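Chains as they are written, first to last, in our numbering: chain S, 272 to 497; chain Z, 272 to 497.
Where is the CB? At the ideal position from N, CA and C, for every residue including glycine.
If you're wondering where the values come from, they're calculated on a predicted model, not measured in any experiment.
Note sheet for the following structure.
Protein chains: 2
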Amino acid sequence: MTERIEISTQQIVERVWLSIAERRLRPGVQLKEEQLASIFDVSRARVRQALVALERDGLVTIIPNRGAFVCQPSVDDAKDVFHVRRCVERRVVERLCEANSKADLTRLRNHVAKERLANEKDMTTDIIKLSGGFHLLLAEIVGSDFLFGTMRDLIARTSLITAVYRNNNRFNCGPDEHAEIVEAIAKGDAEKAIRLMEHHLEHVESELDLNEIRRPSNDLRAALAF
Amino acid sequence: MTERIEISTQQIVERVWLSIAERRLRPGVQLKEEQLASIFDVSRARVRQALVALERDGLVTIIPNRGAFVCQPSVDDAKDVFHVRRCVERRVVERLCEANSKADLTRLRNHVAKERLANEKDMTTDIIKLSGGFHLLLAEIVGSDFLFGTMRDLIARTSLITAVYRNNNRFNCGPDEHAEIVEAIAKGDAEKAIRLMEHHLEHVESELDLNEIRRPSNDLRAALAF
DNA sequence: ACCCATATAATTGTCTACAATAATGCTCTC
DNA sequence: GAGAGCATTATTGTAGACAATTATATGGGT
Numbered sequence: 272m273t274e275r276i277e278i279s280t281q282q283i284v285e286r287v288w289l290s291i292a293e294r295r296l297r298p299g300v301q302l303k304e305e306q307l308a309s310i311f312d313v314s315r316a317r318v319r320q321a322l323v324a325l326e327r328d329g330l331v332t333i334i335p336n337r338g339a340f341v342c343q344p345s346v347d348d349a350k351d352v353f354h355v356r357r358c359v360e361r362r363v364v365e366r367l368c369e370a371n372s373k374a375d376l377t378r379l380r381n382h383v384a385k386e387r388l389a390n391e392k393d394m395t396t397d398i399i400k401l402s403g404g405f406h407l408l409l410a411e412i413v414g415s416d417f418l419f420g421t422m423r424d425l426i427a428r429t430s431l432i433t434a435v436y437r438n439n440n441r442f443n444c445g446p447d448e449h450a451e452i453v454e455a456i457a458k459g460d461a462e463k464a465i466r467l468m469e470h471h472l473e474h475v476e477s478e479l480d481l482n483e484i485r486r487p488s489n490d491l492r493a494a495l496a497f
Numbered sequence: 272m273t274e275r276i277e278i279s280t281q282q283i284v285e286r287v288w289l290s291i292a293e294r295r296l297r298p299g300v301q302l303k304e305e306q307l308a309s310i311f312d313v314s315r316a317r318v319r320q321a322l323v324a325l326e327r328d329g330l331v332t333i334i335p336n337r338g339a340f341v342c343q344p345s346v347d348d349a350k351d352v353f354h355v356r357r358c359v360e361r362r363v364v365e366r367l368c369e370a371n372s373k374a375d376l377t378r379l380r381n382h383v384a385k386e387r388l389a390n391e392k393d394m395t396t397d398i399i400k401l402s403g404g405f406h407l408l409l410a411e412i413v414g415s416d417f418l419f420g421t422m423r424d425l426i427a428r429t430s431l432i433t434a435v436y437r438n439n440n441r442f443n444c445g446p447d448e449h450a451e452i453v454e455a456i457a458k459g460d461a462e463k464a465i466r467l468m469e470h471h472l473e474h475v476e477s478e479l480d481l482n483e484i485r486r487p488s489n490d491l492r493a494a495l496a497f
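Here's what the structure looks like:
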């Protein structure tokens, strides 16, 4: 007797997010409501909620009376996102160094440990979830709803950008750099922690192809232009 | 024969936003769906959409199965918002100096002129809309959906913060400082434009009561604590 | 008099049926 | 055969009815 378990809006968001991050969903494809509803076996209303949440996170664009499409972030968008991330994460680390408890540090270290494990076993899905989760955890510990929400947004957007613009197949945002940041925070060395964070973000950005070179795209006009 | 004109979701958002900015809606009050639906004479479904939009902009908090309440931003929240604003607006101005057309400058100057007019005639509602609108216009001209959306969010939050923490009755964000910024952009003097913008934001922030002094609040527990 | 359980009312959450809109393919005309 | 207009189909948008949840009021027990 297996009870029919219903999937929540949040779970739909996460599944779509992961599909985009893992490049199974390409930019430009339309996410039709009924299609998703049947895939997840939920009502169309719930799918709609998930879609507006995904739009808020910058993963899809909703065109009125047309539908929802996976976003195609431009190179400039990517640079803007990283610019804002540097500022926001700098602030997060700053505030985290001011006040952090032993329990918080334990949570951070445990998280990094999980990341290491996922990396060793090459579990792609977990690696994606955890590497974003680390940055989110930092914001969560700070305790500011605003910073947390902003980070959520930025990480979602970064996932999309990474999916579109990363050249090699290795996933960035490795656990080692995270570990260093945690230890700097543990020592209360704000200056060092901030420096490490900025370096980390620059490293992530540097692994992307953000040159203006034309890339394969679903945009017919762009693809067929000479 | 007046046709019954229906109010859109976006208009509901704006009306609520202005009510909050003008202090007619105090932090903590509940926005009941049916109540709003009858006020605006629309379906409850549309009100719900407006509420999730307001939540995204950080103006209301939605507690599941409880309802939507006007947010009560903390002093730390306020500081975080201004911190992020400084970074984002810096970026906006930076990009605007790189490339701006004659038409864009005209739009900016016209906007500032409207601000002046509203200030002279002491039209509170217009002053609020236009002073936020100036910053939004900058982001719009840059042409980045990401920066535009982020600014939208930040301005909405700033409105709430200003409503809660401003001490005098004068509305900040005056048109003179805006005008100076526009002229710096017109000259393509990025450095000066950025400096003026940062000064402007600091000025706005400085007119707020962001000391840790306890303030009157709707939170009974906090108000009655000794 | 106070506390807890229960019943009632108020409020939010969800689903389904229907309406509006936009894209597609067809036909008729030139 | 090409193109415009029209009909069809696919898809999204909206509203209203019902379900689930939470807050409030009531009454009985201690």
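Could you pull out every residue in the same chain whose Cβ sits closer than 8 Å to the Cβ of E411/Z, ignoring the five residues on either side in sequence? Looking up residue 411/Z in the second sequence gives position 140. These residues qualify, in order along the chain: F419.
Cβ separation of R361/Z and T429/Z, assumed to be a contact under 8 Å, to the nearest whole Å: Looking up residue 361/Z in the second sequence gives position 90. Looking up residue 429/Z in the second sequence gives position 158. About 16 Å separates the CB atoms of R361/Z and T429/Z; that is not less than 8 Å, and the two are not in contact.
In three-state terms, what does DSSP make of A339/Z? By one-based count along the second sequence, residue 339/Z stands at place 68. It is a strand residue.
Is it right to say G266/S is buried, meaning 16 or more other beta carbons lie within 10 angstroms of its own, or is it exposed? As displayed, chain S neither begins before 272 nor continues past 497, which places residue 266/S out of reach and without an answer.
Contacting positions in the stretch 341-364 of chain Z - beta carbon closer than 7 Å to chain S: For the stretch 341-364 of chain Z, the set of positions with a beta-carbon nearer than 7 Å to some beta-carbon of chain S reads D347, D348, D351, V352, H354, V355, C358, V359, R362 in chain order.
Endpoints, beta strand (DSSP E) assigned at I333/S: For the purposes of this step, residue 333/S is taken as the residue at position 62 of the first sequence. Per DSSP, I333/S is one residue of the beta strand (DSSP E) stretching across 331-334.
What in chain S is Cβ-close to T421/Z, meaning under 7 Å? To locate residue 421/Z, count along the second sequence from 1; it is residue 150. Residues of chain S with a Cβ closer than 7 Å to the Cβ of T421/Z are, in chain order, V355.
A339/S versus L302/S - alpha carbon distance: Translated into the one-based positions of the first sequence, residue 339/S becomes position 68. Translated into the one-based positions of the first sequence, residue 302/S becomes position 31. Their Cα atoms are separated by approximately 5 Å.
What is the DSSP secondary structure of R437/Z, counted as helix, strand or coil? Walking along the second sequence from the start, residue 437/Z turns up at place 166. Secondary structure at R437/Z: strand, using DSSP grouped into helix, strand and coil.
First and last residue of the uninterrupted alpha helix (DSSP H) at A370/Z: Numbered from 1 along the second sequence, position 99 holds the residue referred to as residue 370/Z. No alpha helix (DSSP H) holds A370/Z; DSSP gives it neither H nor E.
In the structure shown, what three-state DSSP assignment does L322/S receive? In the first sequence, residue 322/S corresponds to position 51, counting from 1. In the displayed model, L322/S falls within a helix according to three-state DSSP.
Quick one: is V287/S near chain Z, going by C-beta distance under 8 Å? As a working note, residue 287/S is residue 16 in the first sequence. For V287/S, the answer is no, since every Cβ of chain Z falls outside 8 Å of its Cβ.
Quick check on this structure: which residue in L322/Z, T280/Z, E369/Z, G299/Z has the alpha carbon closest to the alpha carbon of A464/Z? As a working mapping, residue 464/Z is identified with position 193 in the second sequence. When the alpha-carbon of A464/Z is set against those of L322/Z, T280/Z, E369/Z, G299/Z, the nearest one is in E369/Z.
Within 8 Å, strictly: CB atoms of Q320/Z and T280/Z: Your numbering for residue 320/Z matches position 49 in the second sequence. Your numbering for residue 280/Z matches position 9 in the second sequence. Yes, the Cβ-Cβ distance between Q320/Z and T280/Z is below 8 Å.
Please list, in chain order, the residues of the stretch 303-325 of chain Z that have any C-beta partner in chain S closer than 7 Å. Listed by position, the residues of the stretch 303-325 of chain Z near chain S (Cβ gap below 7 Å) are V323.
Let me make sure I understand the geometry here. Which of I283/Z, E478/Z, H354/Z has the alpha-carbon closest to that of A316/Z? Here residue 316/Z is taken as the residue at index 45 of the second sequence, counted from 1. The shortest Cα separation from A316/Z among I283/Z, E478/Z, H354/Z belongs to I283/Z.
Using a Cβ-Cβ cut-off of less than 7 Å, list which residues of the stretch 367-394 of chain Z approach chain S; keep chain order. Against chain S - using a Cβ distance shorter than 7 Å - the stretch 367-394 of chain Z contributes no residues.
G403/S, buried or exposed, once every other Cβ within 10 Å from all chains shown has been counted against 16: As a first step, residue 403/S is located in the first sequence; it is residue number 132 there, counting from the start. By the C-beta density criterion, G403/S is buried, having at least 16 other C-beta atoms within 10 angstroms.
Closest by C-alpha distance to D480/Z, when choosing among I278/Z, I333/Z, A349/Z, R286/Z: Along the second sequence, read from residue 1 onward, the residue named residue 480/Z stands at position 209. When each option's Cα is compared against that of D480/Z, the closest is A349/Z.
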